[in-house]
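Chains C and V supply the protein sequences, listed in that same order.
According to this note's numbering, the first sequence is numbered sequentially starting from 1.
According to this note's numbering, the second sequence is numbered sequentially starting from 1.
Heads up, the beta-carbon is just placed ideally off N, CA and C, and yes, glycines get one too.
Treat the numbers as computed from the prediction; the structure is a model and nothing was measured.
Presented below is the structure to which this report refers.
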Amino acid sequence: GAGVSQSPRYKVAKRGQDVALRCDPISGHVSLFWYQQALGQGPEFLTYFQNEAQLDKSGLPSDRFFAERPEGSVSTLKIQRTQQEDSAVYLCASSLGGQFYGYTFGSGTRLTVV
Amino acid sequence: QKEVEQNSGPLSVPEGAIASLNCTYSDRGSQSFFWYRQYSGKSPELIMFIYSNGDKEDGRFTAQLNKASQYVSLLIRDSQPSDSATYLCAGDTGRRALTFGSGTRLQVQP
Chain C
1 GAGVSQSPRY KVAKRGQDVA LRCDPISGHV SLFWYQQALG QGPEFLTYFQ
51 NEAQLDKSGL PSDRFFAERP EGSVSTLKIQ RTQQEDSAVY LCASSLGGQF
101 YGYTFGSGTR LTVV
Chain V
1 QKEVEQNSGP LSVPEGAIAS LNCTYSDRGS QSFFWYRQYS GKSPELIMFI
51 YSNGDKEDGR FTAQLNKASQ YVSLLIRDSQ PSDSATYLCA GDTGRRALTF
101 GSGTRLQVQP
């Protein structure tokens with residue numbers, strides 16, 4: 001596609017509910033990143049994929065967070081048993097070959113846990 | 001101490017003035033730095049990147065990097081109200097992904 005596509009654009013979840021956020025990167029982009037951005041803060045790294053391999057998941061805040069990219073294109077970030085502190089914008093970014101090229105970000109998914 | 005530090009602002013400049021945005025980083029091994037612009041409610045948009053010491057110019061924007069001082073800056077000449085946004089500095093701080101600062105909010109007054 002022309003850009004990085006994320007869905008849904010907005011998600012309201014009741015505390016304890018599981019959610020799945022989707023990212024469709026730019027075609028041909030090898031690297032895919034998930035970030036969490038709290039209000040008034042910069043994006044915080046969650047996890048990184050190179051093709052289908054998850055090479056770094058050190059930023060995932062707990063074992064409730066899980067990400068996958070099984071075929072090396074679309075990625076899903078899953079949050080189990082959501083909590084209020086999970087409320088944030090979740091940004092997906094893709095890059096042709098890694099961080100040295102800079103990222104193209106998707107529009108993000110705003111998650112609100114009530 | 002955060003790996004990439006920015007003053008949160010707001011930085012207020014009059015229209016037509018030069019806006020100077022600054023960023024410091026703690027990892028001396030960092031090689032590349034990026035400036036992103038983020039409008040309220042929107043996703044970050046890449047403006048410029050810089051790898052080498054010195055200045056890099058692109059239109060009204062100039063990025064400056066001083067690795068000895070661990071300092072990165074972005075100058076915006078002839079600031080316009082449409083430049084009002086949050087500017088995020090990011091660096092490759094020793095991990096596979098970029099590390100972002102908290103951002104500086106710029107307000108350009110007409």
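I need the boundaries of the beta strand (DSSP E) containing residue i, first residue and last residue.
i	result
Lys78/C	75 to 79
Lys56/V	54 to 58
Thr47/C	44 to 50
Ala90/V	85 to 91
Tyr90/C	88 to 95
Asp56/C	53 to 56
Asn66/V	61 to 66
Lys11/C	10 to 13
Asn22/V	19 to 25
Ala20/C	19 to 24
Assuming the contact rule is C-beta atoms closer than 8 Å, residue i and residue j should be a hit. Round their C-beta distance to whole Å, please.
i	j	result
Val116/C	Ala13/C	With chain C covering 1 to 114 only, the question about residue 116/C has no answer from this structure.
Gly16/C	Thr104/C	Incorrect: roughly 34 Å between the Cβ atoms, too far for contact.
Val4/V	Thr99/V	5 Å
Thr82/C	Val19/C	6 Å
Leu106/V	Asp83/V	6 Å
Ala135/V	Phe34/V	The question about residue 135/V has no answer here: the residues shown for chain V are numbered 1 through 110.
Arg37/V	Ile47/V	5 Å
Leu58/V	Gln64/V	For clarity, residue 58/V is Asp in the given sequence; the question names Leu instead. Incorrect: roughly 12 Å between the Cβ atoms, too far for contact.
Ser58/C	Cys23/C	At roughly 19 Å, the Cβ-Cβ gap does not stay under 8 Å, so Ser58/C and Cys23/C are not in contact.
Leu116/C	Phe65/C	Outside the shown range of chain C (1 to 114) lies residue 116/C, about which nothing can therefore be said.
Gly103/V	Gly42/C	5 Å
Glu45/V	Gln109/V	So it is not a contact: roughly 22 Å between Cβ atoms.
Three or more C-beta pairs closer than 8 Å, one from the region 82 to 96 of chain C and one from the region 26 to 42 of chain C: is that the case here?
Contact holds: three or more Cβ-Cβ distances are below 8 Å.
Do the region 22 to 29 of chain V and the region 65 to 74 of chain V touch if we need at least three Cβ pairs shorter than 8 Å?
In this structure the region 22 to 29 of chain V touches the region 65 to 74 of chain V; the number of beta carbon pairs closer than 8 Å is three or more.
Got a sec: which bits of the region 73 to 92 of chain C sit with their beta carbon under 7 Å from any beta carbon on chain V, in order along the chain?
Listed in sequence order: Leu91.
Contacting positions in the region 50 to 65 of chain C - beta carbon closer than 9 Å to chain V:
Listed by position, the residues of the region 50 to 65 of chain C near chain V (Cβ gap below 9 Å) are Gln50, Leu55, Asp56, Ser58, Gly59.
If contact is defined by three or more beta carbon pairs under 8 Å, each pair taking one atom from either stretch, is the region 61 to 79 of chain C in contact with the region 5 to 14 of chain V?
No: fewer than three Cβ pairs fall under 8 Å.
Chain C contacts made by the region 31 to 59 of chain V, where a contact means CB separation under 7 Å:
Along the region 31 to 59 of chain V, going in chain order, the ones with a CB nearer than 7 Å to a CB of chain C are Ser32, Phe34, Ser43, Pro44, Leu46, Phe49.
Mind checking the region 102 to 114 of chain C against chain V and listing, in chain order, the residues whose C-beta falls within less than 8 Å of any C-beta there?
Within the region 102 to 114 of chain C, the qualifying residues are Gly102, Tyr103, Thr104, Phe105, Gly106, Ser107, Gly108.
By the 8 Å beta-carbon criterion, what residues does the region 98 to 110 of chain V contribute toward chain C?
Hits within the stretch, in order: Leu98, Thr99, Phe100, Gly101, Ser102, Gly103.
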